[in-house]
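Heads up, the thing below is written out as structure tokens.
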Amino acid sequence: MIEGMTVSSDVVEIDAPAALVWQVLVDFERYGEWNTFCPVAEAELVLDTPIRMQVDLGFGLQEQVEYICRIEPERVVAWRMENRPEDPIHAVRTQVITPLGEHRCSYVSFDEFGGPEAAGMMEAMAKPVEQGFNRCAYDLKARCEALYASG
1 MIEGMTVSSD VVEIDAPAAL VWQVLVDFER YGEWNTFCPV AEAELVLDTP
51 IRMQVDLGFG LQEQVEYICR IEPERVVAWR MENRPEDPIH AVRTQVITPL
101 GEHRCSYVSF DEFGGPEAAG MMEAMAKPVE QGFNRCAYDL KARCEALYAS
151 G
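Per our numbering, the very first residue in the sequence shown carries number 1; after that it's consecutive.
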């Protein structure tokens, strides 16, 4: 969904426990096994450390470096651009896991944009970002449900 300066994935219900979804989401080394939007991610799950990614917004893989800015185990992980005052675009991507019982949860990802060039970036890139986030969400669902089913 694209609303104002925010781009989000669909809210995806996953037939697997939130703890398992969290484990898959923060196992950056294995992104290439399931994440077609971001098949390369290198990071340690530590606040203010970089996450080096290669993302596919429909134009081939592009390098992206952001910084982990929020960790709530089994619930929320977020990373951001450097977001210096002079930067033309600011962004924070937040991924939220919500338990829906013992063996189910939901997942949503959203990017909040700001800065003087954010409106132009939204015009050009909001749709590809939305499509990428949805690929990631449905890839995560498929991966977690397969892992949970296999025990």
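Beta carbons are placed, not taken as given, at the ideal position from N, Cα and C, and that holds for glycine.
By Cβ distance below 7 Å, which residues in the same chain neighbour Trp79 in space, the five residues on each side in sequence not counted? Ile51, Glu66, Tyr67, Ile68, Cys69, Arg93
Return the Cβ separation of Asp10 and Ala124 in integer angstroms, given the expectation that the two are a contact with Cβ distance under 8 Å. The Cβ separation is near 22 Å, so there is no contact.
Quick test of your reading: Trp34 and Arg143, contact by CB under 8 Å. State the CB separation rounded to the nearest angstrom. 4 Å
Would you list the one or two residues that DSSP bridges to Gln114? The sequence shown places Gly at residue 114, not Gln. His90.
From Gly132, Ala126, Tyr148, pick the residue whose C-alpha is nearest to that of Glu112; which is it? Ala126
Cα-Cα separation between Ala19 and Gly101, rounded to whole angstroms: 12 Å
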